[in-house]
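The opening residue of the sequence shown carries number 2 in the numbering used here; numbering runs sequentially from there.
Beta carbons are placed, not taken as given, at the ideal position from N, Cα and C, and that holds for glycine.
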Amino acid sequence: MQFIDLKKQYAALQNSINNRIQTVLNHGQYIMGPEVKELEAALCAHTGAEHCITVASGTEALLMSLMALGIQAGDEVITTSFTFVATAEVIALLGARPVFIDEEPDTCNIDVSQLEGKITERTKAIIPVSLYGQCGDMDEVNAIAALHGIPVIEDGAQSFGAMYKGRKSCNLSTLGCTSFFPSKPLGCYGDGGAVFTNDGNLAQALREIRVHGQSARYYHTRVGVGGRMDTLQCAVVLGKLERFEWEIAQRIHIGTRYQELLSNLPQGARTVVVRPDRTSVWAQFTVIVPDREKVLARLNEAGIPTAVHYPRAIHQQPAYTQYAVAGDMPVSESLAQQVLSLPMHADLDHETQDRIVHSLFAALKN
Ligand SMILES: Cc1ncc(COP(=O)(O)O)c(C=O)c1O
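Okay, here's the thing in C-alpha cells:
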C-alpha cells in the first residue's frame, strides 16, 4: 500500500506526460520555454487570478512574495505556528520576525479571533496557511488586514484546487502561493511552485525577482533570486492538468468517505472538520489521536503507511524558539502531539480505504 500513489497516477497520465516531456526535449528551451507561459495561462484560467508567476518551489513562492511586498529586517509577519517550516522560514530569512498565532482545534487553521491582538505598527504582512487542503477564514483575515492596510499572502501549498465560498484557493487575497512538490494535490516531478495575484505591479515585481531582479537583460533594478520553474516541470504539470478536475472530485469523494467512516472514532480520536462553505482537497487526510505513538505502531504493524504532519509546532523547533514562549500556542502544541495522516490520493480505492479504516479502529482499541 502506498501513502501517495504517484505510480498509479503516472500510469493513467503516461501518454500526456511523456508527450509533453518529449516536446520540451525536441525544442530544447529548458529555461523559460513556451510551457512556462502555457502553464501560467492554464493556472490563471483555473484560479481566475489575473497573473500567475511560476517559480522554483512553494518556499520560493512565499519568499519572493515577501520580497515583492518589500518585507525587510525589523518587520513583523503574522502566521500560524502549526504548519510546514517554510512558512516561517522565509520570514526569518529576510530578517523579519514571524509572529505566531494559534489554530482552531477543529479545522487546524488560523484562529482569526487572535489576529487583531497581534497586529502592531511593525506588521507588514499576514500569511494564513490553508492547512491539509482547506482554506481558513480568509474573508475575516482579509477584512482585518484591510482595516490596517496590511497585505495578505495565502500559503496555499496544500490547497490548490480547493474552493472557498465559490472562489478558488490562491485567488483569495493580495497574493496566493502554491507548491508543485510531487506529493501535493497538483505536483510535478521535482520542485515547482506558483504565485497568483490580481495586482499588476506585484506581478511585475515577481517576474523581475524571479530572474535576479532583472527588468531588462543584465539590468538589475532590484535584488532578486534565481527562482524560475524549469520548463520540464511546467510540462509535467500541464500533463497532469488533463485529469486534475477528476482528481479533485476523487479527493473530495475519498476525503468525505473517510470522514463518514471515521465519524464515531473511540478514545477521543477525531477527524479534521471542513466548514460547509468550502472544500478540502485533502493534501493530507489527518486524524487527531490522543495516544498517537501506540496507534502509529499498530498501523505500522498492520502494513498501513502513515505520516505525521507535523510533530512539532514551529515555535517548538530549536531554530524558532526565540520567536515565541512555550505554552503560548496550546492548540498548535497539542495538535503536534496528536496528528496522524492516513494514505490519501486520487486513486485510493474503496477496498483499500476500508482496510485502512478497519486498521485504525483496531489500533484504537485498548
Ligand atoms: C504549508 C506549506 N508551505 C510551504 C511549503 C513549501 O513548498 P515547497 O516544498 O514546494 O518548497 C509546503 C510544502 O511542503 C507546505 O506544505
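Buried is the label assigned to Y311, since at least 16 other Cβ atoms lie within 10 Å of its Cβ. Scanning C136, P267 and I92 for the CA closest to the CA of G75 turns up I92. Around the beta-carbon of R21, 16 or more other beta-carbon atoms lie within 10 Å, marking it buried. Between ligand 1 and the CB of T84, the shortest heavy atom gap is smaller than 7 Å. The C-beta distance from G134 to S281 rounds to 4 Å, short enough to fall under 8 Å.
Cβ-Cβ distances below 6 Å link G162 to P186, I249 and V282 in the same chain, with the five nearest sequence neighbours on each side left out; the list follows chain order.
With a contact defined as Cβ atoms closer than 8 Å, Q10 and D350 miss out at about 14 Å.
F101 has its Cβ no nearer than 7 Å to any heavy atom of ligand 1. In terms of Cα proximity to G227, the closest of I32, I5 and L7 is I32. For A126, the beta-bridge partners assigned by DSSP are V78. Here the alpha carbons of E61 and V238 stand approximately 17 Å from one another.
A residue is called buried when at least 16 other Cβ atoms come within 10 angstroms of its Cβ; P319 does not meet this threshold and is exposed. Between the region 34-43 and the region 156-175, the count of Cβ pairs shorter than 8 Å is below three; the stretches do not touch.
Counting other Cβ atoms within 10 Å of its Cβ, K8 stays below 16 and is therefore classed as exposed. Ligand 1 never approaches Q339 closely enough for any of its heavy atoms to be under 7 Å from the residue's Cβ. The Cβ-Cβ distance between P306 and M68 does not fall below 8 Å. Contact between A308 and S360 is ruled out by a C-beta separation of about 15 Å, above the 8 Å threshold.
For T257, the enclosing alpha helix (DSSP H) stretches over residues F245 to L262.
Setting aside the 5 residues that flank it on each side, G191 is surrounded in the same chain by Q234, each with a C-beta closer than 6 Å to its C-beta; the list follows chain order. Secondary structure of H359 (DSSP, three-state): helix. Counting C-beta pairs closer than 8 Å gives three or more between the region 315-334 and the region 96-110, which meets the contact rule. Burial is judged here by how many other beta carbons sit within 10 angstroms of a residue's own beta carbon; G29 has fewer than 16 and is exposed.
Taking the Cα positions, A195 is about 10 Å away from G157. Taking the C-beta atoms as reference points, L44 is found nearer than 8 Å to C53. Between ligand 1 and the CB of Q234, the shortest heavy atom gap is not smaller than 7 Å. In the DSSP assignment, V91 falls within the alpha helix (DSSP H) that extends over A87 to L94. Taken from the Cβ of D76, every heavy atom of ligand 1 lies 7 Å or farther away. Ranked by Cα distance from A144, the options V56, Q159, I127 and T81 are led by I127.
Inclusion of S160 and A284 in the CB contact set at 8 Å is warranted, their separation being smaller than that value. Cβ neighbours of L94 within its own chain (closer than 8 Å, five residues either side excluded): L64. Counting only residues of its own chain and dropping the five nearest sequence neighbours on each side, L336 has a CB closer than 8 Å to the CB of F83, E104, P106, C109, I289 and A314. For S335, the three-state secondary structure derived from DSSP is helix.
When DSSP reads this structure, Y324 sits in no beta bridge, so it has no partner. A straight line joining the alpha-carbon of Q251 with that of P183 spans about 18 Å. For the 8 Å CB-CB criterion, V296 and L365 form a contact. Under the DSSP definition of a beta bridge, E104 partners with I111.
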